[in-house]
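What follows is a set of notes on a single structure, which appears directly below.
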Amino acid sequence: MDLSTLTLKEISGKIACGEVTATEVTENILLRIEREKQLNAYITVCRESALRCAYETDKKIAAGEKTGPLAGVPVAVKDNIAVKDERMTCASAFLKNYISPYDATAVEKLKNAGAVIIGKTNMDEFAMGASNKNSAYGSVKNPLFRDCVPGGSSGGSAAAVSAGLCYAALGTDTGGSVRQPSSFCGVVGLKPTYSAVSRYGVTAFASSLDQIGPVTRTVEDNAIIFGVICGRDVRDATSADCGFNAAEIRPGLAGRKICVINEVMRSELLSGEVKDAFYAAAETMKRAGAEIEYVSMPSFDAGIAAYVAVSCAEAASTLSRFDGLRYGERAAGCGYDEIVANSRARGFGDEVKKRIMIGNFVLKGDNYEKYYVTAMKMRARIKSELNGILRKCDFIAVPTAPTTAPGADYEPQTLKQKYYGDMFTVTANLSGNPALSVPMKKSGKPAGLQFIGRCYDEKTLYSAASAYLSEK
Amino acid sequence: MSGYEMMIGLEVHCELKTESKLLCACKNAFGGEPNTRICPVCTGYPGVLPSLNGKAVELTVAAGLALGCKIEGLCRWDRKNYFYPDLPKAWQTTQFGMPLVGSGMMEYEEGGEKHVLRINRIQLEEDAGKLLHDGDRTFVDFNRCGVPLIEIVTEPDLRSPGQAAAALTEIKKRLKFAGVSDVKMQEGSLRCDVNLSVAKKGDPPGVRTENKNLNSVKAVVRCCEYEAARQIKILSEGGSVRCETRKWDDFAGKGIAMRAKESFGDYKFIAEPDIPPVELSSGYVSSVAASLPPSASARRQKYTACYGLPEYDAEVLTCDCAVSDLFDDAVKCGADPKKASNIIMTGVLRLAKTEGREDYEIKIDGARIAEGLALVGRGVISLNSFIGSVFPALWGSTECAEDTVVRLELQQLSAEETVKIVEETVKENDSAVAEYLSGNKKVFSFLAGRAMKAGAGRCNPAVLNETLNKILNKKGD
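Chains as they are written, first to last, in the numbering used here: chain V, 219 to 690; chain W, 3 to 479.
And the structure:
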């Protein structure tokens, strides 16, 4: 039996009842990571601490002590989320030797649930990108189609889950960074309601958009991880209790009303392949008893522009702390200004630099009103229109990304190609609503079906997704 | 001034007296070893998030109420982004658009006249760290980083250095009475920037400069005088004043241009996404108002009405919150109000304001004042030796008053001993006695002084005077 093909639920059951030991499971995953090194899914493998943790778990289980729901299960963490005493590079050369002095709240919760933190996954630098090619530690390969990108920015997390290099992974989603790679790698990814999961310990890209989300192979596993990491945290003032209980989820699409946004289906960027898959999925959902309505959302197309302005503005601010003085790589220089300038010039990659410049541009002088304030207004409108639609239905369904995974050598030619890949996902970040991506194609390169729900209603999304997948 | 008029506005930065910092649990304190009160949050480590200190919000509201300002129902947080080594996040968490406290008006007195100063706003923000220079090397101490700070911005209503000093003193006093801050300018817990412009009377306001690094009320006065003279000189020579930030060098008594004044865009303000807006209900505001300690004027009124103190005493005792607290404490411990007032006005104020300091530093408690007065009442010591000798010895010590009296051998002599000393003094000062008897009555106090000195200040003054009078009168008969 290949342990790595089991779901998180299955493996945790086997560990709990003593059928396999946490050490065996962990060793197996470590072996697989070693064997699949060329995928480059991990930046840091926490070999020693993982084995130690597995050993402790086995001792507890043997002694009949109470263990958590994830006891002994290897879980990966995106490398922009802090794990105490482990390296956190954010895929940046700037932080190549940075060791986090504390655990992120979500990591603390995973550890308390008994999970074995197996490693830190590769990503686009500071979560900026949709291909995982913007990593100072090399790009990640798509485990299903190895000459294709895994998507990004949580590409390492999606690839690791897809390739069986862990049972679940945490990603972060600022504009689609959990959902789009999940779509490309054929796995399940959730961008929770903004504030459902504490962001304490996430190296911020854009604080008002960032959320930690689980990446798993099944909907059920996803709900289990989300149930563990969600909830109010005193260390994150924007966090809130969401009253989620994974055990309450029952597959269900019958009688559900689903809206599809016309602007998405009419988008010139939407590939025929994905479009066809989506219509097929819509038929499947109808068969399962759902009612589908096509609606218009006029502000939809402005999402990308608003997203770029807001996310870059916040990134410019939040990444200013990387000055090379207290931590990170310090470049030589004469005096403070020069040290900071040289450290940033050397430490940051091109994409990060570009977004910092865009951010400073939209905040500078008169541009503040012209771009930043306008973007904030547009964001408010998007939120209001989206929630208007959600009052008429149970959730929205659209493709996660306009295309399947492009080849690793693909270079977008136009700005539109470069940034509009996120256009179906940014809406939920701007509005704060939860969004779940599940695989919808039966063959060929995978593509995701995205469900966008009412705030704090992850439950409905999970129910619908499991019903859809069992119908498919 | 030759036809010119000054317009002065103040920006007062005041550190709040909270237990912990504004956005993390680190202790809020002054001094200590560098970088001993820091954590990943206040040093801007990757991934950390702020947690707003509710007490800081409460004290800001208290400051607003004490300065006669409107408390806003909803306020938001902003980031003021700029690079500086003492600012680890590279932004200051502040309130740009919607501060906790809105506009208001404060009355103050200068030269016996009442004036009004309009306050524009009070915003809550965080303090930065401190740079420590050692030769050509610079170190950063982050202990102060994240200490809650309020910025009080006034309208340019002040017309003279004297008014600026009086208004600043009044602001300090009110903040201290409201329990908001200890307002120590020399330790930097209260700092003041002066915005000053001059213009010919009747002309529109001139270009203003911002003057920083003012560490005392005196420095504010000196800086205003210097800066006004500088600007008038420029204008009267046909030049124009540059809008700039200047640094005051109090030692040299002059200001130095630092940089052209930043415009709004240079700071790149952005809404703070990590701290949700704060809503203050009217119930909350009234509960803060109800829990405010009594103001200076309320205490003044109590002193005259309840304790029957003269207006003058009440005024002096409420010059500073620490002084007033000491008086209340002494009365609470059983001291007679008028006697306690006398002791404080003569003994405390001198000691509490050491050389060069504008802040009162009280190093005695009310209990020992009350105890000392009880000793005077029981005739153990004289009031004079209590004020002159015991009091300075008690200052800063933890000894009780009685032990100090014994240690210093200041117990008052018995009536018999006093009489004996007076008799001997008269014997030893023939010529002075003769002079007295020949009509120079002033010599009485010389003789009394001699006797007191002979008794090392421990004679009972009443007995001494009475005995001396008796002996001299007898001789005159």
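All residues carry an ideal CB built from backbone N, CA and C; glycine is no exception.
Everything numeric in this text was worked out from a predicted model, so none of it was measured.
Cutoff 6 Å; reference residue i; Cβ partners in own chain excluding five residues on either side
{"i": "residue 445 (chain W)", "result": "434, 437, 438"}
{"i": "residue 578 (chain V)", "result": "534"}
{"i": "residue 536 (chain V)", "result": "422"}
{"i": "residue 249 (chain V)", "result": "none"}
{"i": "residue 214 (chain W)", "result": "195, 249"}
{"i": "residue 51 (chain W)", "result": "276"}
Spatial neighbours of residue i in its chain, beta-carbon cut-off 7 Å, leaving aside the 5 residues before and after
{"i": "residue 210 (chain V)", "result": "Here chain V comprises residues numbered 219 to 690, so residue 210 (chain V) is not present and cannot be evaluated."}
{"i": "residue 457 (chain W)", "result": "415, 420, 423"}
{"i": "residue 96 (chain W)", "result": "80, 82, 125, 127"}
{"i": "residue 443 (chain V)", "result": "386, 432, 434"}
{"i": "residue 385 (chain W)", "result": "378"}
Under the three-state DSSP convention, the category residue i falls into
{"i": "residue 380 (chain V)", "result": "helix"}
{"i": "residue 268 (chain W)", "result": "helix"}
{"i": "residue 85 (chain W)", "result": "coil"}
{"i": "residue 363 (chain W)", "result": "coil"}
{"i": "residue 674 (chain V)", "result": "coil"}
{"i": "residue 658 (chain V)", "result": "coil"}
{"i": "residue 215 (chain W)", "result": "strand"}
{"i": "residue 9 (chain W)", "result": "strand"}
{"i": "residue 590 (chain V)", "result": "helix"}
{"i": "residue 462 (chain V)", "result": "coil"}
{"i": "residue 251 (chain W)", "result": "strand"}
{"i": "residue 277 (chain W)", "result": "coil"}
{"i": "residue 414 (chain W)", "result": "coil"}
{"i": "residue 241 (chain W)", "result": "coil"}
{"i": "residue 406 (chain V)", "result": "strand"}
{"i": "residue 617 (chain V)", "result": "strand"}
{"i": "residue 48 (chain W)", "result": "coil"}
{"i": "residue 669 (chain V)", "result": "strand"}
{"i": "residue 105 (chain W)", "result": "strand"}
{"i": "residue 386 (chain W)", "result": "helix"}
{"i": "residue 306 (chain V)", "result": "coil"}
{"i": "residue 16 (chain W)", "result": "strand"}
{"i": "residue 146 (chain W)", "result": "coil"}
{"i": "residue 477 (chain W)", "result": "helix"}
Residue i, buried or exposed, once every other Cβ within 10 Å from all chains shown has been counted against 16
{"i": "residue 359 (chain V)", "result": "buried"}
{"i": "residue 262 (chain W)", "result": "exposed"}
{"i": "residue 470 (chain W)", "result": "buried"}
{"i": "residue 110 (chain W)", "result": "buried"}
{"i": "residue 168 (chain W)", "result": "buried"}
{"i": "residue 326 (chain V)", "result": "buried"}
{"i": "residue 412 (chain V)", "result": "buried"}
{"i": "residue 667 (chain V)", "result": "buried"}
Same chain only: Cβ atoms within 8 Å of residue i, ignoring 5 sequence neighbours per side
{"i": "residue 316 (chain V)", "result": "305, 306, 307, 545, 546"}
{"i": "residue 404 (chain W)", "result": "373, 377, 382"}
{"i": "residue 336 (chain W)", "result": "372, 376"}
{"i": "residue 273 (chain V)", "result": "240, 241"}
{"i": "residue 217 (chain W)", "result": "187, 188, 190, 193, 252"}
{"i": "residue 502 (chain V)", "result": "686, 689, 690"}
{"i": "residue 363 (chain V)", "result": "623, 663"}
Any non-hydrogen atom of the ligand ATP within 7 Å of residue i CB
{"i": "residue 11 (chain W)", "result": "Only the bare structure without any ligand can be found here, which leaves the ligand ATP out of the picture."}
(message) For the pair the region 152 to 172 of chain W and the region 118 to 134 of chain W, tell me if three or more CB-CB distances fall below 8 Å.
(response) A contact between stretches requires three or more CB pairs, one per stretch, nearer than 8 Å, and the region 152 to 172 of chain W meets this requirement with the region 118 to 134 of chain W.
(message) Contact between the region 197 to 215 of chain W and the region 41 to 48 of chain W is defined here as three or more beta-carbon pairs at a separation below 8 Å; is this criterion met?
(response) Contact fails between the region 197 to 215 of chain W and the region 41 to 48 of chain W, because fewer than three Cβ pairs, one in each stretch, are under 8 Å apart.
(request) Assess, as a yes-or-no matter, whether the region 370 to 387 of chain V is touched by the region 631 to 645 of chain V under the definition of 3 or more beta carbon pairs within less than 8 Å. (result) Output reads no: the region 370 to 387 of chain V does not touch the region 631 to 645 of chain V.
(message) Which complete beta strand (DSSP E) runs does the region 168 to 218 of chain W hold, if anything under 3 residues is left out?
(response) With a minimum length of 3 residues, the continuous beta strand (DSSP E) runs that stay inside the region 168 to 218 of chain W are 192 to 202, 211 to 216.
(message) Can you confirm whether the region 391 to 409 of chain V touches the region 599 to 619 of chain V when touching is taken to mean that 3 or more C-beta pairs between the two stretches lie within less than 8 Å?
(response) Counting Cβ pairs under 8 Å, three or more are found: they touch.
(message) I'd like to know if the region 282 to 290 of chain V and the region 233 to 247 of chain V are in contact, where contact means that at least 3 CB-CB pairs between them fall below 8 Å.
(response) The region 282 to 290 of chain V vs the region 233 to 247 of chain V: in contact.
(message) Check whether the region 302 to 318 of chain W and the region 110 to 121 of chain W touch, using three or more Cβ-Cβ pairs below 8 Å as the test.
(response) Not touching, per the Cβ criterion.
(request) Decide if the region 413 to 427 of chain W is in contact with the region 449 to 462 of chain W; the criterion is three or more beta carbon pairs, one per stretch, under 8 Å apart. (result) Contact between the region 413 to 427 of chain W and the region 449 to 462 of chain W is present, because at least three Cβ pairs lie under 8 Å.
(message) List, from N- to C-terminal side, the beta strand (DSSP E) runs of 3 residues or more that fit wholly inside the region 317 to 369 of chain V.
(response) Assignment of beta strand (DSSP E) within the region 317 to 369 of chain V, counting only whole runs of 3 or more residues, yields 334 to 339 in chain order.
(message) Tell me whether the region 169 to 185 of chain W and the region 293 to 304 of chain W touch, counting them as touching only if at least three CB pairs, one residue from each stretch, are closer than 8 Å.
(response) Remark: three or more beta-carbon pairs, one from each stretch, lie closer than 8 Å, so the region 169 to 185 of chain W and the region 293 to 304 of chain W are flagged as touching.
(message) Could you tell me which whole beta strand (DSSP E) segments of length 3 or greater appear in the region 451 to 500 of chain V?
(response) With a minimum length of 3 residues, the continuous beta strand (DSSP E) runs that stay inside the region 451 to 500 of chain V are 475 to 479.
(message) So, does the region 587 to 599 of chain V touch the region 441 to 460 of chain V, judging by three or more C-beta pairs under 8 Å?
(response) Under the Cβ criterion (8 Å, minimum of three pairs), the region 587 to 599 of chain V does not count as touching the region 441 to 460 of chain V.
(request) Could you tell me whether the region 136 to 150 of chain W touches the region 14 to 33 of chain W, where touching means 3 or more Cβ pairs closer than 8 Å? (result) Contact between the region 136 to 150 of chain W and the region 14 to 33 of chain W is present: three or more C-beta pairs spanning the two stretches fall below 8 Å.
(request) Indicate whether the contact test is met: 3 or more Cβ pairs, each with one atom in the region 263 to 282 of chain V and one in the region 335 to 346 of chain V, closer than 8 Å. (result) Counting Cβ pairs under 8 Å, three or more are found: they touch.
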